[in-house]
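Residue numbers (the numbering used here): 14 to 266. A virtual CB, placed ideally from N, CA and C, is assigned to each residue, including glycine. Note sheet for the following structure.
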């Protein structure tokens with residue numbers, strides 16, 4: 014294909030991906046109410062806890078604030094709903110230029126990264142209420158706390174994304190090993206740093222008083238790291254075995 018044909022193909026793929034995103038956003042717009050109710054549950058818990066001692070409200074500072082928040086939620090959910098279509102469009106555009114080996118690696122990477130990302134988002138959703146409730150304890154007696162809707166949504170969205178990305182970092186380690194950048198032994202040698210980072214991240218993402226949640230999140234991240242290191246060492250062993258089979262007897266000796 015010529016450059017012009019590639020550009021035409023890219024435009025066609027982007028149009029289908031954009032159309033799928035728009036349809037996903039329209040569908041998601043009608044389910045924003047239960048999503049808003051779910052992510053604002055911690056605010057209702059804080060309001061019940063403080064009672065008459067403080068004032069807790071979920072507010073919009075602008076006239077278009079409620080619509081803007083629903084639009085942001087629709088966009089985030091729309092990306093998830095339309096993911097199979099736009100991922101396929103991207104994949105269909107780049108696949109003809111990949112070798113069979115690269116195609117296998119890409120499929121394996123996606124098959125591992127996507128479930129881990131959603132698992133991380135789910136764990137972040139479990140952690141989020143504890144973080145909100147903990148921060149509310151720092152409000153002085155007689156003080157009032159007002160949660161701006163858009164800032165609150167940004168906090169929840171970023172927390173879910175950060176925890177989700179943390180769960181797929183071990184997949185990137187395996188990808189770096191397959192690319193020949195890092196060996197399995199080199200990954201395993203950094204286990205002390207990995208454990209320290211996992212504990213610090215879990216401590217920052219969970220309330221200080223909730224030790225069980227912190228240990229659970231840190232434990233999951235550590236297990237994923239060692240699983241990535243073990244899998245990388247297995248790949249290195251298989252690679253070394255294949256190379257030994259192709260070496261001449263004199264070189265092997």
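So, is residue 164 buried or exposed, given that buried needs 16 or more other C-beta atoms within 10 angstroms? Looking at its Cβ environment, which holds fewer than 16 other Cβ atoms inside 10 Å, residue 164 is exposed.
Distance between beta carbons of residue 180 and residue 247, contact taken as under 8 Å: Rounded, the Cβ-Cβ distance is 21 Å, inconsistent with contact.
Three or more C-beta pairs under 8 Å: does that hold for the segment 71 to 86 against the segment 47 to 55? In short, these stretches touch, since the Cβ pair count reaches three.
With a 10 Å radius around its C-beta and 16 neighbouring C-beta atoms as the bar for buried, classify residue 69 as buried or exposed. By the 10 Å Cβ count, residue 69 comes out buried.
In angstroms with no decimal places, state the Cα-to-Cα distance between residue 113 and residue 20. In a straight line, the C-alpha of residue 113 is about 24 Å away from that of residue 20.
Residue 143 versus 131, 54 and 95, residue with shortest Cα-Cα distance: Of the listed residues, the one whose Cα sits closest to residue 143 is 54.
Classify residue 244: buried if its beta carbon has 16 or more other beta carbons within 10 angstroms, exposed otherwise. That one is buried.
Spatially closest choice to residue 52 from 102, 140 and 40, by CA coordinates: When each option's Cα is compared against that of residue 52, the closest is 140.
Endpoints, beta strand (DSSP E) assigned at residue 74: From DSSP, residue 74 is part of no beta strand (DSSP E); its letter is neither H nor E.
In the DSSP assignment, find the beta strand (DSSP E) that holds residue 102 and state where it starts and stops. Careful: residue 102 lies outside any beta strand (DSSP E), inside the alpha helix (DSSP H) at 96 to 107.
Residue 78 beta carbon less than 8 Å from that of residue 2: No statement about residue 2 is possible, as the shown extent of the chain runs from 14 to 266 and does not include it.
Euclidean distance between Cα positions of residue 121 and residue 81: Inter-residue distance for residue 121 and residue 81 is about 37 Å (C-alpha atoms, whole angstroms).
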